[in-house]
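Undergrad: In my numbering, the protein residues as written are 15 to 245.
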Amino acid sequence: MVKAVFFDFYQTLGVWGQSLRPRVQKLTDRYRCEIDWERYDTARENLYADASGSDPMTHDLLETMQQIIDSYRDFLAVLGVQDYLDQMTWELLQSEHSLFAAGAATLYDDTVPTLEYLRDAGFKLAIVSNWDTPLDPLTERLGIADYFDTITSSHDERVRSAKPDPHIFEWTLRQVGVSAAEAVHVGDTYQADILGAENVGIRPILIDRDGTQVGRWKETIRSLSELPKLL
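1) Restricting to Cα atoms, I'd like to know which of Ile216, Ala211 and Val200 is closest to Ser239.
2) Any chance the segment 140 to 153 sits against the segment 19 to 26, with 3 or more Cβ pairs inside 8 Å?
3) Between the Cα of Tyr161 and the Cα atoms of Arg236, Leu90, Ala195 and Thr125, which residue gives the shortest distance?
4) Counting C-beta neighbours from all protein chains within 10 Å, is the total for Tyr45 16 or more, i.e. buried, or is it exposed?
5) For Ala11 and Pro178, which I take to be in contact (beta-carbon distance under 8 Å), what is that distance rounded to the nearest angstrom?
6) To the nearest angstrom, report how far apart His181 and Asp97 are at their CA atoms.
7) Counting along the chain, where does the beta strand (DSSP E) carrying Phe20 start and finish?
8) Run the CB neighbour count on Val228, radius 10 Å, all protein chains shown included, and call it buried at 16 or more, exposed below.
9) Quick one, which of Thr234, Phe183 and Pro242 has its alpha-carbon nearest Asn213's?
10) Take Thr164 and list the residues in its own chain whose beta-carbon comes closer than 7 Å to its own, dropping the five residues that flank it on each side.
11) By a C-beta neighbour count over all protein chains shown, 10 Å radius and 16 as the cutoff for buried, is Glu110 buried or exposed?
12) In the segment 164 to 225, which residue ranges form an unbroken alpha helix (DSSP H) of at least 4 residues, counting only runs that do not cross its ends?
13) Which of the three DSSP states is assigned to Ile141 in this structure?
14) Please report the residue range of the alpha helix (DSSP H) in which Val29 lies.
15) The alpha helix (DSSP H) spanning Leu41 covers which residue range?
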């Protein structure tokens, strides 16, 4: 019997309102800076790999912040930015990265109705997210913190574990007070969310909002509004 529902955060419950490319275009237009768009795709991939945060086992918040700043500076430099590079880096960070632009986060339209339904139905709810800062302030700003019995981020010093590592799921199970067999985890990333949950005995449900993972997992939804009928 399902007693608890765990959720990934990014691209499951919420997202940033605008993609990176329009932000870069707006920034470079303002500074009248010519950049090499042919390098954009590769630079973007490297950026998100480098800015994904430090190893949670050795995490230090100030070091993580510096790592993120450096990665965005390198990203703009690869695109050809030379003048005002440091200033443009800060502007991009303030509009793009969660650590500096929490106000840019938005919830999907199906998030709050689903959380309300599940809470009223008696399910325990939790967030399990690979996130390089505590998520509580962000979820409070978005007005959803009170729906959850616990909110687990990978770089929380009490946790220090990132999906698909089992510990982040096991820690959340203990916080909520249910067994793995009594929990469901919903997330958008196959390796981290689906395999990570399955490996600890939690039933995984893949959310594929864009329809790009068709046939990848046996239980897949396109919207959180489809979730209650699966429980």
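Backbone N, C-alpha and C fix where the C-beta goes; we use that ideal spot for every residue, glycine too.
TA: According to the structure shown:
1) In the sequence shown, the residue the question calls residue 239 occupies position 225. Looking at the Cα atoms, Val200 is the closest of the given residues.
2) yes
3) On the sequence shown, residue 161 is found 147 positions in, with the first residue counted as 1. Residue Thr125 is the option with its Cα nearest to Tyr161.
4) Looking up residue 45 in the sequence shown gives position 31. So Tyr45 counts as exposed.
5) Here the chain comprises residues numbered 15 to 245, so residue 11 is not present and cannot be evaluated.
6) Taking the sequence shown and counting its residues from 1, the one referred to as residue 181 is at position 167. Taking the sequence shown and counting its residues from 1, the one referred to as residue 97 is at position 83. If I take the Cα positions, the gap works out to 45 Å.
7) For the purposes of this step, residue 20 is identified with residue 6 of the sequence shown, where counting begins at 1. Ala18 to Phe21 is the extent of the beta strand (DSSP E) around Phe20.
8) By one-based count along the sequence shown, residue 228 stands at place 214. Flag for Val228 reads exposed.
9) Counting from one through the sequence shown, the residue named residue 213 turns up at place 199. Checking every option, the nearest Cα to that of Asn213 belongs to Phe183.
10) Walking along the sequence shown from the start, residue 164 turns up at place 150. Hits under 7 Å: Ala140, Thr186, Gln189 and Val190.
11) Here residue 110 refers to the residue found at position 96 of the sequence shown. Burial call: buried.
12) 180 to 190 and 210 to 213
13) The sequence position of residue 141 within the sequence shown is 127, counting from 1. If DSSP states are grouped into helix, strand and coil, Ile141 belongs with the strands.
14) By one-based count along the sequence shown, residue 29 stands at place 15. It is not in any alpha helix (DSSP H) - Val29 instead sits in the beta strand (DSSP E) that spans Gly28 to Trp30.
15) Working through the sequence shown from its first residue, we reach residue 41 at position 27. It spans Leu34 to Arg44 - the alpha helix (DSSP H) in which Leu41 sits, taken as one unbroken run.
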